[in-house]
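A.B. asks: Below are the structure tokens for one structure; questions will follow.
Residue numbers (my numbering): 2 to 265.
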């Protein structure tokens, strides 16, 4: 009886000691729980299919890995230019817009600036261009993959510029394009991408380029209408340019590239 009582006291004491042990140290607070929004009949399934892949490779560096490996080093005297961006760059036929030019397209649809920053070494620096043309930010504003403040977008732009500068690559930043909601396909575009926010980001980017000596390619001014939106003739879905939109953008990009190449 005494032995049993002693055993119970021993077990009880051990359990109490375990219960009283402090929790392991953690510097970070608890993670939040976020309820996802309804992204609609097209974006919803696309996002659901995309997220598991992003959990393995958020920058989606795998997409251009083979093309990068197959791309030879620039020939002597070659003025290689890499266009880095999202679907607006991805859908830009650089061969048609700049025939005979050694321009390399590294656009990926739906990407945000944080993803481009992750793949900047692989898809820009390793290709040894003289100039990089960066067109990014419209997906950040929408919040499709990340909710970002203007300051976070600006810091990602700055980080990409710093990487380019560290590797001797001249930088051209394209302004964020205007958007519109003139068609049924563009119904929610302006609501999700406030034109005043786009104008503010472009103003910051222009000033940053002046301050750092980068070149600013003002696509926005070439495509905007009197309402402050993308002119109806240049887009069907309110975001992506049609061929005539790219035709307006091409000479602006070409002049900016020439200006960057002329820098010392």
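Beta carbons: idealized from backbone N, C-alpha and C, even for Gly.
Can you name, in chain order, every residue of its own chain whose Cβ lies under 7 Å from the Cβ of residue 114, other than the five neighbours on each side?
C.D. replies: 137, 138, 141, 154, 157 and 158, listed in sequence order.
A.B. asks: Under 8 Å, do residue 218 and residue 172 count as touching if we go by C-beta distance?
C.D. replies: No, they are not a contact pair.
A.B. asks: Return the Cβ separation of residue 120 and residue 60 in integer angstroms, given the expectation that the two are a contact with Cβ distance under 8 Å.
C.D. replies: Contact flag correct, Cβ pair sits at about 4 Å.
A.B. asks: Tell me whether the beta-carbon of residue 179 lies closer than 8 Å to the beta-carbon of residue 229.
C.D. replies: In contact: residue 179 and residue 229 (Cβ atoms closer than 8 Å).
A.B. asks: For residue 243, count neighbouring C-beta atoms within 10 Å of its own C-beta (all shown protein chains included) and say buried if the count is 16 or more, exposed if not.
C.D. replies: So residue 243 ends up on the exposed side.
A.B. asks: Could you give the first and the last residue of the continuous beta strand (DSSP E) run that contains residue 283?
C.D. replies: Residue 283 cannot be examined here, being either before or after the span of the chain that is shown, 2 to 265.
A.B. asks: Any chance the region 195-213 sits against the region 251-260, with 3 or more Cβ pairs inside 8 Å?
C.D. replies: The region 195-213 vs the region 251-260: no contact.
A.B. asks: Does DSSP put residue 145 in a helix, in a strand, or in coil?
C.D. replies: Three-state DSSP puts residue 145 in coil, outside helix and strand.
A.B. asks: From which residue to which residue does the beta strand (DSSP E) around residue 173 run?
C.D. replies: Residues 171-175.
A.B. asks: Within a Cβ cutoff of 7 Å, which residues of the same chain sit near residue 116, ignoring the five residues on either side of it in sequence?
C.D. replies: Excluding positions up to five away in sequence, the list reads 59, 60 and 61.
A.B. asks: Please list the terminal residues of the continuous beta strand (DSSP E) segment that includes residue 198.
C.D. replies: Looking at the DSSP string, residue 198 is not in any beta strand (DSSP E); the run it does join, the alpha helix (DSSP H), is 196-213.
A.B. asks: Quick check on DSSP: helix, strand or coil for residue 76?
C.D. replies: Here residue 76 sits in coil by DSSP.
A.B. asks: Between the alpha carbons of residue 238 and residue 265, how many angstroms are there, rounded?
C.D. replies: Rounded to the nearest angstrom, the two C-alpha atoms are 40 Å apart.
A.B. asks: With distance defined between alpha-carbon atoms, name the residue in 163, 23 and 51 nearest to residue 327.
C.D. replies: In this structure the chain extends from 2 to 265, so residue 327 is not present and cannot be described.
A.B. asks: In the DSSP assignment, find the unbroken beta strand (DSSP E) run with residue 86 in it and report its ends.
C.D. replies: Element bounds for residue 86: 82-86.
A.B. asks: Can you tell which of 80, 225, 47 and 88 has its C-alpha closest to the C-alpha of residue 99?
C.D. replies: The residue with the shortest Cα to Cα distance from residue 99 is 80.
A.B. asks: What are the boundary residues of the beta strand (DSSP E) that includes residue 267?
C.D. replies: Here the chain has residues from 2 to 265 only, and residue 267 is not among them.
A.B. asks: For the candidate residues 127, 216 and 231, whose alpha-carbon lies nearest to that of residue 199?
C.D. replies: Residue 199 has its Cα closest to that of 231, out of 127, 216 and 231.
A.B. asks: When the Cα atoms are used, what is the spatial distance from residue 88 to residue 241?
C.D. replies: Cα to Cα, residue 88 sits roughly 8 Å from residue 241.
A.B. asks: Sorted by chain position, which residues of the same chain lie with C-beta nearer than 7 Å to residue 221's C-beta, five sequence neighbours on each side aside?
C.D. replies: If we look at residue 221 and ignore the five residues flanking it on each side, its Cβ neighbours are 176, 177, 178, 179 and 203.
A.B. asks: Alpha carbons only, please: which of 250, 39 and 215 is nearest the one belonging to residue 224?
C.D. replies: Per the Cα distances, 250.
A.B. asks: Hey, could you find the ends of the beta strand (DSSP E) residue 70 is sitting in?
C.D. replies: Unbroken run through residue 70 is the alpha helix (DSSP H), 66-71; no beta strand (DSSP E).
A.B. asks: Quick one: residues in its chain with C-beta nearer than 6 Å to the C-beta of residue 93, no 5 flanking neighbours on either side, listed in chain order?
C.D. replies: 247.
A.B. asks: Let me make sure I understand the geometry here. Which of 68, 181 and 109 has the alpha-carbon closest to that of residue 90?
C.D. replies: Answer by Cα proximity: 109.
A.B. asks: Opposite residue 34 in the DSSP bridges: which residues?
C.D. replies: Paired residue(s): none; residue 34 is not in a bridge.
A.B. asks: How many Å lie between residue 266 and residue 63 at the Cα?
C.D. replies: Given a span of 2 to 265 for the chain in the structure shown, any question on residue 266 remains unanswerable.
A.B. asks: Nearest CA to the CA of residue 111: which residue from 33, 147, 216 and 235?
C.D. replies: For the residues 33, 147, 216 and 235, the minimum Cα distance to residue 111 belongs to 147.
A.B. asks: Distance, Cα to Cα, residue 95 vs residue 105?
C.D. replies: So the two alpha carbons sit approximately 8 Å from each other.
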